[in-house]
Amino acid sequence: MKGIRYKMFFCLFIILFSFDIKVEAATSNNINWNNYYPSYKIFTEFNDVPIDKKFTICFSKKIDKNLIKDGFIEIKDSNMNSIPIDINIIDNKIEVTAKGKLNYGQAYCLVINSDGNSKGWIKNGSICPIKVKTINSLPSDNMDGGKKLPQYEFIDMVSPGAIETYKSYGIFPSVTIAQAILESNWGRSDKAVQCNNIFGIKADKYWTGEKMELPTMEWVGGKYVPVMTEWRVYPSFKESIEDHGKFLYTRPWYAKAGVFDATNYKEQITAIKNAGYATDPKYVDKICSLIERYELWKYDENGRDL
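Numbering (the working numbering), first residue to last: -12 to 293.
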């Protein structure tokens, strides 16, 4: 019975984390954690770690606190030393906070140890690599000594492709840029880092390229639920931007919804949402807020603030 309850709790979990200040992913310190945990499965990878070192693990069911025992969740460094942690259980979430310091250039691993009765579910447990590089502050509207902060660098990076996409497919640059920001969290989401997918475009039946399965949250039945989804993988952000325009242009339901009849960014993103691009009921408001906050309408032909 206990093993069944574990399976119910963990079969659909995803790793969620929110941040204002973050620790950026390292690319130079690649530890093969399966050498340490050969019978464990790598479920997902932390490419960005909050500066407060707090991880929220969200499960599909409310958690029985009696099932969470000492050693159930651990953070290990590459020398297999345990980092002291605090945990806080709230309904279907476990907040994990590392009490020790996470050092620059060091690799860490979040270890979730399952009960012996649940070996048929995910072997002995799961491991989630944590990679730490450097501390960055983002996003912020402030400019420091004339230096561009990361969000403006991201806008500069994607805006040329957004303008080209408008010429080829008719998607307003402001809409393309804002969607890239929201969908990829300024290029720092797991899909952006691992797949170069900055628009959250799924690998549907029309996709013949490389794909990767990653977790996401979708709005279903009036609430967010965790799901595992296959995503398109691109060589770089440039291909992701081009494919975003092509994706909208070649699906007839977007034209039918009025995407290409729109005269401004607000009309166009509303049509894109209505055609089924996103499930978030506040999606249009979020996109328009980004466009207005960062004056992305300036990238549109004859663009203006609405």
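Ideal Cβ placement from N, Cα and C applies to all residues, glycine included. In this text, all values refer to a predicted model and were calculated from it rather than measured experimentally.
Within this structure, are the beta carbons of residue 190 and residue 218 separated by less than 7 angstroms?
yes
Mind pulling the alpha helix (DSSP H) runs of 4 or more residues that sit fully within the stretch 141 to 212?
160 to 171 and 177 to 182
Between the Cα of residue 256 and those of 70, 167 and 141, spot the shortest distance and give me the residue it belongs to.
167
Start and end of the beta strand (DSSP E) containing residue 75?
72 to 77
Between residue 221 and residue 183, is the Cβ-Cβ spacing less than 7 angstroms?
yes
Among 172, 159 and 153, which residue has its Cα nearest to the Cα of residue 137?
172
Where residue 238 sits in the DSSP three-state scheme:
coil
Separation of residue 178 from residue 162, as counted between CA atoms
19 angstroms
Could you tell me if residue 193 is buried or exposed, where buried requires 16 or more neighbouring beta carbons within 10 angstroms of its beta carbon?
exposed
Under a three-way DSSP split, which group does residue 112 fall into?
With a pLDDT of only 46 at residue 112, under 50, the local geometry of the prediction cannot be trusted, and no value is derived from it.
Assuming contact is defined by CB atoms lying nearer than 7 angstroms, are residue 147 and residue 287 in contact in what I supplied?
no
Taking the C-alpha atoms as reference points, what is the distance between residue 64 and residue 84?
15 angstroms
CA-to-CA distance, residue 259 to residue 230, given in whole angstroms
15 angstroms
From which residue to which residue does the alpha helix (DSSP H) around residue 282 run?
Premise fails: residue 282 is in no alpha helix (DSSP H) and is neither H nor E.
Beta carbon of residue 273 nearer than 7 angstroms to that of residue 169:
yes
Which of the three DSSP states, helix, strand or coil, is assigned to residue 125?
Interpretation of residue 125 is limited by its pLDDT of 32, a score under 50 that renders its predicted location unreliable; the figure taken from the coordinates is listed afterwards. Note: residue 125 maps to coil in three-state DSSP.
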